[in-house]
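In terms of the working numbering, the sequence shown is numbered consecutively and its last residue is 137. The structure appears below as structure tokens.
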Amino acid sequence: TAKNVDRLSALAAHVVQQQSYYPMFPTSANVCLDVTRPESFDMVGLPEIVLTPSDLAPFAKQATVNDLRVNLDDEANPVKTTASHNIVCVNPGRATKGATAGTFAHVYVNAASGSIAQGIEGRCKVE
């Protein structure tokens, strides 16, 4: 049986799992983008909040990202580790839609405190 998966959360998680701020390669010829240094699009770490404005219905959701890292300290024996991280995905929609007003989002984030940092899902409020 198929799992009950929230497709919009899964889509945002896939974008983060690509570990690139521009995950589409090769780029379209119509895109005004310098792709001579693709490493400049690499995500160094995992974001806690992902903002993805689009024409889809506005949403704010929690998603789980499976982060695969490879430690190459010992090139003969690379070590792969996988960890799951929660992220908050926000699609505020478009600020304008033709000649009419669109939608936007207010995002409030409390700083982590204490010896054990609370996950972003407990520190973030989206309106």
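Backbone N, C-alpha and C define an ideal beta-carbon position, used for all residues, glycine too.
Buried/exposed call for residue i, threshold 16 Cβ in 10 Å
i, result
"Cys99", "buried"
"Ala105", "exposed"
"Val26", "buried"
"Val119", "exposed"
"Ala39", "exposed"
"Pro102", "buried"
"Thr11", "Any reading at Thr11 must be qualified, since the residue scores a pLDDT of 39, below 50, and its modelled position is unreliable; the value itself is stated next. By the neighbour-count rule (16 or more Cβ atoms within 10 Å), Thr11 is not buried but exposed."
"Val75", "buried"
"Ala109", "exposed"
Sub-8 Å separation of residue i and residue j beta-carbons
i, j, result
"Glu137", "His116", "yes"
"Ser19", "Ala70", "no"
"Leu56", "His95", "yes"
"Tyr31", "Met53", "yes"
Simplified DSSP assignment, three categories, for residue i
i, result
"Phe114", "coil"
"Leu61", "strand"
"Ala20", "helix"
"Ser125", "Any reading at Ser125 must be qualified, since the residue scores a pLDDT of 47, below 50, and its modelled position is unreliable; no value is offered."
"Gln27", "helix"
"Ser50", "helix"
Cβ contact (3+ pairs, closer than 8 Å) linking the region 60-78 and the region 33-46: no
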